[in-house]
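To start, the structure under review is shown below, and the notes come after it.
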Amino acid sequence: MEFTSHQIAQLLGGRVEGEGNRKISRLAKIEEATEGAISFLSNPKYEQYIYSTGASAVLVNNTFKPKEEVKATLIYVEDAYASISTLLEEYNRIKVHSKQGLETPHFLGENVVMGTQCYIGAFTYIGRNAKIGDNVKIYPHSYIGDNVIIGNNTIVYAGVKVYSDCVIGSNCTFHSGAVIGSDGFGFAPLPDGSFKAIPQIGNVIIEDNVSIGANTTIDCATMGSTIIRKGVKLDNLIQIGHNVELGKNTVVAAQTGISGSTKLGANCMIGGQVGITGHITLADKTSIGAQSGVGGSVKKPGTAMSGSPAFDYKTNLKSFAVYKKLPQLMKRIEELEEKILTLAPLSE
Amino acid sequence: MEFTSHQIAQLLGGRVEGEGNRKISRLAKIEEATEGAISFLSNPKYEQYIYSTGASAVLVNNTFKPKEEVKATLIYVEDAYASISTLLEEYNRIKVHSKQGLETPHFLGENVVMGTQCYIGAFTYIGRNAKIGDNVKIYPHSYIGDNVIIGNNTIVYAGVKVYSDCVIGSNCTFHSGAVIGSDGFGFAPLPDGSFKAIPQIGNVIIEDNVSIGANTTIDCATMGSTIIRKGVKLDNLIQIGHNVELGKNTVVAAQTGISGSTKLGANCMIGGQVGITGHITLADKTSIGAQSGVGGSVKKPGTAMSGSPAFDYKTNLKSFAVYKKLPQLMKRIEELEEKILTLAPLSE
Amino acid sequence: MEFTSHQIAQLLGGRVEGEGNRKISRLAKIEEATEGAISFLSNPKYEQYIYSTGASAVLVNNTFKPKEEVKATLIYVEDAYASISTLLEEYNRIKVHSKQGLETPHFLGENVVMGTQCYIGAFTYIGRNAKIGDNVKIYPHSYIGDNVIIGNNTIVYAGVKVYSDCVIGSNCTFHSGAVIGSDGFGFAPLPDGSFKAIPQIGNVIIEDNVSIGANTTIDCATMGSTIIRKGVKLDNLIQIGHNVELGKNTVVAAQTGISGSTKLGANCMIGGQVGITGHITLADKTSIGAQSGVGGSVKKPGTAMSGSPAFDYKTNLKSFAVYKKLPQLMKRIEELEEKILTLAPLSE
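Protein chains in written order, with numbering that gives the first Met the number 0: chain A, 0 to 347; chain B, 0 to 347; chain C, 0 to 347.
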């Protein structure tokens, strides 16, 4: 996208000094910026760069008074640092929400209900009876199964797959390749050593403001629902088993796996590559270090754990410090064993 | 899907008491059920709930005699518990197999051979010379490469990618995002520090009754075939390297990786997030605990291992118990070292 | 694909003895080969098999003189072993590069610039202003976002998703399900315990000769670029966080995760299922063992580490050797503690 320095000043309620028609297409640090970029000067320590920067425009505080000639167009604002943040969000909003209308070909099943201002990318599939809210953006190659409901303002990037009967809230974001509602991993052993699939007839419910990373998979419930509560943030390549429930605002880093029927409380922080076993419960605000393996329930809110299997975070740090010295420890024991042979017994 | 209580009674060979036209669209526990749900009462301990349940219908044993008024329609069957299981399977069968016919647009290459009663979802791609068996269901956005063969009754969910020349059996299930036949990770180092790709010209053979989870990846063989034997069940986000062979009925949990040319026997149970190194063999019925790292072959059938690197499961449990107390152990050694200084030497 | 023995001889500059029209469609070992396969005989130890092989054709050295009747067509070449390698590469080249032209339906946005000899599979989406180089092969269901640039000879297999504004070099390979440019995992905590997404406005830059595995995910930079340098090879199901930089010719095995803003040097070798924390730097030629967790920067080039948390590879091996014997160690300490009670104190 491209804006003029004048348009940016308008957006931020700022005042232009210099040429107002310079074209801006990206943000950059003041010391690295080149033609077409906008930068900002907030910390006076960086003032030197404003005289040499290649940026087309620089946001500065109203109080800024140049001591030398400045080639960049200056945009004066109340608070340059806060304005860059506003600009970032605006840029993002435009980037994400600028898409609108239905590209062809796409596939709409019978009785699909579609809100206003939606974007339906080419090659999108929406199954029968699906309900799509207002301002929903569904990028190309996404699959929305039969009877799925999606709330307002949700963004579904290219190639997301949502199985039939799942329910998705408002203001959610799904990144490419995420799979919602695949069968839970449930098989009953038969006498001949083979396995029979247990029918998985439940769904996945995802509440509002949830973010799901690229290629993350969330299995449907065997019966009932796998539930992702409001505000949960999942990174990429995460596995969520059948009938799992993730509490409000819980955050999970990449490549973590949570096994079937486990329940996490609200505001938990789970590191990357963590494994959490099935059928357990973690209290609110539990925090688990990266690569840990959690094998049992956590009852006390705010517990911090690490290790595989995981136990108290601080104790683990101490055990690991000794682990690194185990060969020396072994030697010290051997020395003790030798020395002891040279010592006198108590006389009776 | 929606059924009437009458239709369900017919399916189960049961007898309706109450209104036969009530609409049923899901299963629920008797104490949680609401309008539109069917429940069951098998254990007399739960009898109280049948008088207050919101369920539209309840399956009961022929021997059941209500003591109070029941609002739900009752369906009398020989064994209510067994009937619910029958119902689940029937529901699943209908859900999965109800799709039929070719949605448009789809792409069929030259000489594609297609069985009867197939479902080809919109935006499905089937390459030239592919052979698709009877009653195969291929959901939207799936890619079936040139020359691929798929056996009868196999289900391919949305967005599965099968590279050319792969061979797939009957009664298999592939979940969304699974990738079958991508290149093995083989690169030859060159003198300048760069790498040259080793051509990967093999394929993947998947036998009957195999289940492959969402976003799981199976690489083709460098030459020959990567082989997944009858009845293997793979969970989500698993990586199977080139030339791997998985024995009959082996089960692998989510996010596990198996490196190139490794062979697993029949009926192995591999936990989640396990790593298995390349070019080794695991005997039949090997079981590996979650998050383990297997670095060598296992010769004895039925071996249980855990840890990273993995060794005997029970010994590992004992070692880990001591690991948790390492700081105290260190202290005890220090105390011994101090005490020993205060002891008398043997007189010569 | 199918060739005649005559065509293969021509390709290799060899001479046919026997029938020149036999159809060859695959390679196989001489002892396992059946009708339709070509094999080779280089090591005299295997000569016995040439008299019984089911292969349709066998490559032999010019010096080879059969002692018995041979049913297979013989193709005489200077060096049978080298020829099989040439054949493999040729086969691969044909397999990969034979696709050409635009299949329908596909979607091209405004102002797309397309090179010569490209393949655009059915259901491919190419966003506006994208620039596609010469001889680029884009398989079905791939999504190339707005403004994306792809260099010459790059291969994009089915179902790859490249977000808008990413830049991809020449001679790269992307396997199915790879996601390039998804949002980095950045959220700012709010006072009420919820999180607000930090706008991710950067892109991903992938240089020449890079290979990306199936279902691997590479997040875009928060601002600026996530950078994958020349010759990097990434296996399947890898997670690369925002603003990461991977140095030239670095190789990463499957299911490894690298967190945001971390920089790896050139020619690093990273094992499978490794986790590398954010905001650190690994020197050139760092090697990390499988399943390790790297928590701090590595300054010395050529460092080898393993473990979770990772430390010096050799020391870790020694510590682990003791770990396996911890229960015995504990016993030895207990014995020392008992014995010491039976010893005489130094007389004062």
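Don't be surprised by glycine CBs; every beta carbon is placed ideally from N, CA and C.
None of these values were measured; they are calculated from a predicted model.
Rounded straight-line distance, which links the Cα of residue j to that of residue i
{"i": "Ile143/B", "j": "Phe319/B", "result": "47 Å"}
{"i": "Tyr48/C", "j": "Ser41/C", "result": "12 Å"}
{"i": "Thr77/A", "j": "Met222/C", "result": "The amino acid at residue 77/A is misidentified as Thr; the sequence shows Glu. Each residue's alpha carbon lies about 23 Å from the other."}
{"i": "Ile269/A", "j": "Ala252/A", "result": "6 Å"}
{"i": "Tyr322/A", "j": "Tyr322/B", "result": "8 Å"}
{"i": "Ala177/C", "j": "Val161/B", "result": "14 Å"}
{"i": "Leu245/A", "j": "Val112/C", "result": "45 Å"}
{"i": "Asp207/A", "j": "Ile227/A", "result": "9 Å"}
{"i": "Lys250/C", "j": "Tyr50/C", "result": "Note on identity: in this sequence residue 250/C is Val, with Lys being the wrong assignment. Answer to the nearest angstrom: the Cα atoms are 43 Å apart."}
{"i": "Val155/B", "j": "Val95/A", "result": "32 Å"}
{"i": "Gly17/B", "j": "Glu68/B", "result": "11 Å"}
{"i": "Gly230/B", "j": "Glu336/C", "result": "55 Å"}
{"i": "Pro104/B", "j": "Thr215/A", "result": "28 Å"}
{"i": "Arg14/C", "j": "Ala81/C", "result": "16 Å"}
{"i": "Val203/A", "j": "Ala220/A", "result": "7 Å"}
{"i": "Lys284/A", "j": "Pro198/C", "result": "25 Å"}
{"i": "Asn110/A", "j": "Thr302/A", "result": "48 Å"}
{"i": "Ala129/C", "j": "Ile148/C", "result": "6 Å"}
{"i": "Phe248/B", "j": "Gly259/B", "result": "With the sequence shown as reference, residue 248/B is identified as Asn, and Phe is not the correct amino acid for it. Whole-angstrom Cα-Cα distance: 20 Å."}
{"i": "Ala289/B", "j": "Glu333/A", "result": "35 Å"}
{"i": "Lys98/C", "j": "Ser163/C", "result": "25 Å"}
{"i": "Ile205/A", "j": "Lys232/A", "result": "11 Å"}
For residue i: DSSP bridge partner residues
{"i": "Asn60/A", "result": "Val76/A"}
{"i": "Phe39/B", "result": "Leu58/B"}
{"i": "Asp218/C", "result": "Ser181/C"}
{"i": "Asn202/B", "result": "Ser224/B"}
{"i": "Pro344/B", "result": "Leu342/A"}
{"i": "Lys100/B", "result": "Note that residue 100/B is Gly in the sequence shown, not Lys. Beta-bridge pairing links Gly100/B to Tyr118/B."}
{"i": "Lys70/C", "result": "Its beta-bridge partners do not exist; DSSP assigns none."}
{"i": "Ile29/A", "result": "Paired residues: none, contrary to the question."}
{"i": "Ile23/B", "result": "Phe2/B"}
{"i": "Ile211/C", "result": "Phe173/C and Leu233/C"}
Sequence-distant residues of the same chain with beta carbon closer than 8 Å to residue i, five excluded per side
{"i": "Arg21/C", "result": "Thr3, Ser4, Ser55, Ala56 and Thr72"}
{"i": "Val293/C", "result": "Val273, Gly274, Ile275, Thr276, Ile279, Leu281, Ile287, Met304, Pro308 and Ala309"}
{"i": "Leu26/B", "result": "Ala36, Ile37, Ser38, Ile83, Leu86, Leu87 and Tyr90"}
{"i": "Phe194/C", "result": "Phe186, Ala187 and Pro188"}
{"i": "Arg127/A", "result": "Gly108, Glu109, Asn110, Val111, Asp145 and Asn146"}
{"i": "Glu30/C", "result": "Tyr45, Tyr48 and Thr52"}
Nonlocal neighbours in the same chain, by C-beta distance under 6 Å from residue i, ignoring five residues either side
{"i": "Asp234/C", "result": "Gly212, Ala252 and Ala253"}
{"i": "Phe122/C", "result": "Pro139 and His140"}
{"i": "Ser175/A", "result": "Tyr156, Ala157, Gly158 and Ala213"}
{"i": "Thr172/C", "result": "Ile154 and Ser210"}
{"i": "Gln238/B", "result": "Thr216 and Gly256"}
{"i": "Ile179/A", "result": "Val161, Cys165, Val203 and Ile217"}
Contact with chain D by residue i, beta-carbon distance below 8 Å
{"i": "Asp234/B", "result": "The displayed structure is made up of protein chains A, B and C, and chain D is not among them."}
Run of the alpha helix (DSSP H) containing residue i, from where it starts to where it stops
{"i": "Ile49/A", "result": "Glu46 to Ile49"}
{"i": "Ala196/B", "result": "It is not in any alpha helix (DSSP H) - Ala196/B instead sits in the beta strand (DSSP E) that spans Phe194 to Ala196."}
Cβ shell of residue i (< 7 Å), same chain only, five flanking positions each side left out
{"i": "Glu34/C", "result": "Gly53 and Ser55"}
{"i": "Asn170/C", "result": "Asn152, Thr153, Asp207 and Asn208"}
{"i": "Ile119/A", "result": "Leu101, Glu102, His105 and Ile137"}
{"i": "Asn315/A", "result": "Ser305 and Gly306"}
{"i": "Lys298/C", "result": "Ala282"}
Where the beta strand (DSSP E) through residue i begins and ends
{"i": "Ile7/C", "result": "Ile7/C -> not in any beta strand (DSSP E); alpha helix (DSSP H) instead, spanning Ser4 to Leu11."}
{"i": "Arg14/A", "result": "Arg14 to Glu16"}
Near the ligand SAM: residue i beta-carbon under 7 Å from a heavy atom
{"i": "Lys130/A", "result": "Absence of the ligand SAM from the depicted structure is noted, as is the absence of any ligand whatsoever, leaving it without description."}
* To do: Tell me the start and end of each unbroken beta strand (DSSP E) in the stretch 110-187 of chain A that is at least 3 residues and wholly inside, in chain order.
  => Whole beta strand (DSSP E) segments, 3+ residues: 178-181.
* Counting only runs that start and end within the stretch 221-274 of chain C, where is the beta strand (DSSP E) found for 3 or more residues in a row? -> The qualifying runs are 224-227.
* Segments assigned alpha helix (DSSP H), at least 4 residues, entirely inside the stretch 265-337 of chain A -> Whole alpha helix (DSSP H) segments, 4+ residues: 312-322.
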